[in-house]
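Chains as they are written, first to last, in our numbering: chain B, 1 to 320; chain C, 1001 to 1320; chain H, 2001 to 2320; chain V, 3001 to 3320. Below: the structure, in structure tokens.
Number of protein chains: 4
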Amino acid sequence: MEGLAIMTSGGDAAGMNPAVKCCVDYSRTKGFKPFLIRDGLRGLIDNDISEATKEDVSGIMHRGGTVLRSSREPRFYELENRQKAYDNLKALGITKLIVIGGDGSFGALNQFYADFQIPFAGIPATIDNDIPGTDYCLGVDTALNVIRESVDSIRDTANSFSRAFVIETMGRHCGYLAMVSALASGAEMCLVPEIEYDFESMGKRFRKDIADGRNYIIAIVAEGTNMADYTTRWIKDSLGMDARLTTLGHVQRGGSPTVRDRVMAYHFSVAAVDSLLAGQTKEIMTFKGGTYGTQPIDVVVNSKPVTDQSIVKLCKCLSV
Amino acid sequence: MEGLAIMTSGGDAAGMNPAVKCCVDYSRTKGFKPFLIRDGLRGLIDNDISEATKEDVSGIMHRGGTVLRSSREPRFYELENRQKAYDNLKALGITKLIVIGGDGSFGALNQFYADFQIPFAGIPATIDNDIPGTDYCLGVDTALNVIRESVDSIRDTANSFSRAFVIETMGRHCGYLAMVSALASGAEMCLVPEIEYDFESMGKRFRKDIADGRNYIIAIVAEGTNMADYTTRWIKDSLGMDARLTTLGHVQRGGSPTVRDRVMAYHFSVAAVDSLLAGQTKEIMTFKGGTYGTQPIDVVVNSKPVTDQSIVKLCKCLSV
Amino acid sequence: MEGLAIMTSGGDAAGMNPAVKCCVDYSRTKGFKPFLIRDGLRGLIDNDISEATKEDVSGIMHRGGTVLRSSREPRFYELENRQKAYDNLKALGITKLIVIGGDGSFGALNQFYADFQIPFAGIPATIDNDIPGTDYCLGVDTALNVIRESVDSIRDTANSFSRAFVIETMGRHCGYLAMVSALASGAEMCLVPEIEYDFESMGKRFRKDIADGRNYIIAIVAEGTNMADYTTRWIKDSLGMDARLTTLGHVQRGGSPTVRDRVMAYHFSVAAVDSLLAGQTKEIMTFKGGTYGTQPIDVVVNSKPVTDQSIVKLCKCLSV
Amino acid sequence: MEGLAIMTSGGDAAGMNPAVKCCVDYSRTKGFKPFLIRDGLRGLIDNDISEATKEDVSGIMHRGGTVLRSSREPRFYELENRQKAYDNLKALGITKLIVIGGDGSFGALNQFYADFQIPFAGIPATIDNDIPGTDYCLGVDTALNVIRESVDSIRDTANSFSRAFVIETMGRHCGYLAMVSALASGAEMCLVPEIEYDFESMGKRFRKDIADGRNYIIAIVAEGTNMADYTTRWIKDSLGMDARLTTLGHVQRGGSPTVRDRVMAYHFSVAAVDSLLAGQTKEIMTFKGGTYGTQPIDVVVNSKPVTDQSIVKLCKCLSV
């Protein structure tokens, strides 16, 4: 039986555990012998690899984070360490890899393929939702619902006390989390890298609203704009409303995966195993226009992420 | 200004409140004067209709159920009551309707259009997810996540005590909720109207699993099969495992809408107002292949709902 | 080092896992060598006992159910099996026991003490909250909050649709869960074994309320009354309001322990280890009048549980 | 009928809404005519006071924050504004007040009593849990459970990625929230104003743990210590572990009240109305040693809050 190893790599995201479980279960039904690599690239280099047991993947479906753990591992940039990794796989009879992570991890495996021709399949998993060519990455729906609960909570207190709240969301250079959260929570203001913002015009809008009786403001600010502190001060100084900043931080990464993240994990896992079965060598799974598919890693590497334009359009009125 | 009235009708579903809010806000930006009808068709007949105020739709985004309330109203089958409804609208200057509900409600508005030519737009909202022509109806994602939390909870206790649990889910004749819940929770058994089940073969499968150490079973049974009681007894009698039945009931309808239901509500509402603006007269909103669109009510009326075949395929192994 | 073994027994309850972890950690700081018994009395008889490792109790604080698993084990009634249990403990150097469970489990350990003089400490854990001499048992707060979320959800839908909901709660012969849930959710009706109910007078009350505009009813019914079906029919037939029954079932047992259950677990565990250290031989932990203490098992065995009278008093108006 | 007015004042806390509802309902059964004051002291001065209707308190039991809204109102320090407040009450026939809030609000009402002899009853409500003479203030249990969910989430991601997380909790000068959260989440470090901390000894402890395999640290730091930033840097610099700071902020104030906060609200409200009925003039409700009671405002004003010493004792090992 051919060995197939599964790893999680890069920043953790909800949905990684269901994907690990589905990859193990489905690959086994297709005749593979599934292995698990611990700690991402570190375990690949240091041979922290073992055959997947029933216990390894039992009761993990509903757990946040990744039971395989993850790492950022600069040693993989060096050929001698990649050689070690290859030797580890060879010794265990592993001929194929599935990596659950982001574009950095996919790039590393691409280099590894160039060196040693180990085919791999990539499952996109990052709460930033910034991988080119797919509308969806694992972890996004869970992160959005964690943010929603926080913002709903804060709205209770904002409304009780006539106060503005600025909430900084994750997402690196991508404003997706911030924009969808702003829509879903009915925020009055949203600042993201994708949209030009105009404080002067916002000042006019809010001063009018306040004159009409508005007594609180919820502002969602993407970390990629680096504007959270400024916005908080601006509300105080320019609008004369008491304002507080909440930085949700890593709370956004955690939590039990939502149904959507579990179901996406299922579909991506089936597609990843099928891609390797079909002899594809370096494909990344995609969900595009409602359909699951694959795209070559080169497309991912050579493209820029494009944020969903229908969401951008709906949010424009929140930045002016 | 042209009056546009919004109502919720039929069984309630999470996401109705965000849809009401978005329809009011967006229609106003497009030059309509929005009205709200209370209690669905009952309010339409009895003139329980008022212009939407800011307070009506403030702070409702995160609330379950429908603040407009709903009803099943057989009086609407009688022409004289539809005449009353028409007179009410005319007196208030309302020339267009948006109805948020299921196929029964759409059919009623279709008859009303045939009688009095009041154009309407329908937003699909039912946890059964059984409206032809759309992959998604409001309320489904929230219902799925409510079920997920219950099943995750029950799994804790099943695992602690070596016991089978049969969980009956809603969905009328459609097994969608049951199937997705079974996938998302890693259930061992799933019975739905769409898939033939074979207790003899399941008996073999489970007896082998039990011999291999399995000490609990989670079975998800759609109410449409009417098999929940039988399955519970069968597990006790035929597998010799203690088994308990949980009927989740209306818990599934409630809860604060998930982000997905809020975002879908946003898109459907924009599409509904745009459809009326464009002069369409009796369209139902759709989400199909990842794209928002509309379809004529006649298609809905003359088609049968088709459950997502990719989900059916993944679940077949849970019924044999 | 003296061996001390920890087990969970009887019906599972949230808070058992934090208690297991605290007993292991705290007993170790006091010089014991902690052991874990799997599957309750079954593991005690069958020698499913091992020294507690760091991994055993790592990451279990927030998990529902019991990772040690539980059982009802009639074999323990037979002396020869208790002899086996004793031999197992002796061989491992275990001289003391902590049992986390209900009165049935405490009684079994009491018999075991009579036979072989193995001192034990009992930590009350049952969602029924029916152990004499303590105001609180582990699992109750978590169960109450699970019920609360369900009832809050159902209220959304009840209010949307002019309908009564009857919700049956667990608790065996004790109405505590039902009563506190009724208060916490503002239910209109509550039937428990502790309070005489009067349907005639309730009929008058509700008919007046309905005439005054009431359009839904939430009724909480304790399983110990066996009145859930009757109440549902009565509301339909006698009040003429559509009514639905939800049986929450084992959902109530599960879920991540609340802070209260975790903190109570902490205090009970410290008290249990301290009780054994002090040379006490068969004490049950208590929380009474805001203070942690212990009581002899004989008091538990010879008393009847008394439901909190201040709660009973507040609920009387919901049964007439 | 004698008028009794209810207000919420100071920082908002979960449980205020159930308390408002219970005060209205229970005072009515005792023959009072209940009034509601909006925006705390501001509404008292500006006559934003109206008789409580059924709609005012319907469906508020499960809502976070306070539907009456709150404020900090320095104008109340001036006698002329207190005179206005008195005139408002007199004109409406209001002879008694219930204030739900913290010690600042109680002090204001005490001054008002000295001026105009309007008896009042105070219900302690603050997530800081720092009101002398009572073990419990409304909002604490909800805040603790919000923090618990966040910390459980963060632990998933900490464990996945070998990283330390510093979580700053609210509580002003009181470390109660931080300490209970640290116990409930099994944190490895906890810094509060009540306990002297020793970084040198913590350094030794953690270096040993890390050598033994520990790969993440959860540190809970009370805002009253002002040590969150320092701790984050210290972990990076002194322990060489990547560390992130999460400031939970006002998320902690919000959320649907837990069962404990709802039940406490019930008891406090009954006690407050009973206190006024019994002719007491300036009592604050208490929960002490498991019993509900009252204490004169002078005791609150002249005492310092004492944090629960059993909790302090359990947490000492987390600061060294």
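A virtual CB, placed ideally from N, CA and C, is assigned to each residue, including glycine.
In terms of Cβ geometry, residue 94(B) and residue 16(B) do not form a close pair [threshold 7 Å].
DSSP, reduced to helix, strand and coil, places residue 244(B) within a strand of the structure shown. Rounded to whole angstroms, the Cβ separation of residue 42(B) and residue 34(B) is 20 Å, and the two are not in contact under 8 Å. When Cβ-Cβ separations below 7 Å define contact, residue 1053(C) makes no contact with chain B. For the region 2255–2269 of chain H, the residues whose beta carbon sits under 8 Å from a beta carbon of chain V are, in order, 2256, 2258, 2259, 2260, 2262, 2263, 2266 and 2267. Chain-ordered, the chain H residues with CB closer than 9 Å to the CB of residue 1154(C) read 2249, 2250, 2251, 2253 and 2254. Close to chain B, meaning a Cβ-Cβ distance shorter than 9 Å, are the following residues of the region 1303–1316 of chain C: 1310, 1311 and 1314.
Beta-bridge analysis with DSSP links residue 3084(V) to no other residue. Around residue 2210(H), the same chain offers 2239 and 2241 as residues with beta carbons nearer than 8 Å, after the five sequence neighbours per side are excluded. If you check the CB distance, residue 60(B) and residue 49(B) do not come in under 7 Å.
Judged by pairs of C-beta atoms under 8 Å, the region 3144–3155 of chain V touches the region 3242–3254 of chain V, as three or more such pairs exist. The beta carbons of residue 2178(H) and residue 2192(H) sit closer together than 7 Å.
For residue 3179(V), the uninterrupted alpha helix (DSSP H) segment begins and ends at 3176–3185.
A residue is called buried once 16 or more other Cβ atoms fall within 10 Å of its Cβ, and residue 303(B), having fewer, is exposed. Residue 42(B) is outside the set of residues whose beta carbon lies under 7 Å from a beta carbon in chain V. Taking one beta carbon from each stretch, the region 1179–1189 of chain C and the region 262–270 of chain B have 3 or more pairs nearer than 8 Å; the two touch. Take the alpha-carbon of residue 44(B) and the one of residue 300(B): they are about 23 Å apart.
Neighbours of residue 3148(V) in chain H, taken as residues at a C-beta separation under 7 Å, are given in chain order as 2259. A direct Cα-Cα distance of roughly 25 Å separates residue 194(B) from residue 236(B). Between residue 3065(V) and chain B, the shortest Cβ-Cβ separation is below 7 Å.
Residue state for residue 3030(V) is assigned as coil, using DSSP reduced to three classes. For residue 144(B), a Cβ of chain C is located within less than 7 Å of the residue's own Cβ. Using a 10 angstroms sphere on the CB of residue 252(B), the tally of other CB atoms reaches 16 or more, which defines it as buried.
With contacts defined as CB atoms closer than 7 Å, residue 297(B) and residue 106(B) qualify as a contacting pair. According to DSSP, residue pairing for residue 7(B) in a beta bridge involves 99(B).
Counting C-beta pairs closer than 8 Å gives three or more between the region 158–174 of chain B and the region 123–135 of chain B, which meets the contact rule.
When C-beta distances to chain V are compared with 7 Å, every residue of the region 15–42 of chain B stays at or above that value.
Taking the beta carbon of residue 246(B) as reference, the chain V residues within 9 Å of it are 3247, 3248, 3249, 3250 and 3251, listed in sequence order. In this structure, the alpha-carbon of residue 2202(H) lies about 18 Å from that of residue 2244(H). Neighbourhood of residue 3157(V) in chain B, by CB distance below 8 Å: 12, 64, 65, 250, 253 and 254, in chain order.
Remark: C-beta atoms of residue 3012(V) and residue 3066(V) approach each other more closely than 7 Å.
Following the DSSP letters along the chain, one finds residue 2051(H) inside the beta strand (DSSP E) bounded by residues 2049–2051. Judged by beta-carbon spacing, residue 142(B) lies within the 7 Å limit of residue 261(B), meaning their Cβ atoms are closer than that value.
7 Å or more divides the Cβ of residue 1220(C) from the Cβ of residue 1188(C).
Sequence-distant partners of residue 275(B) (beyond 5 residues in either direction) whose C-beta falls short of 8 Å from its own C-beta, in its chain, are 121, 283, 285 and 294.
A direct Cα-to-Cα measurement between residue 75(B) and residue 3154(V) gives close to 27 Å.
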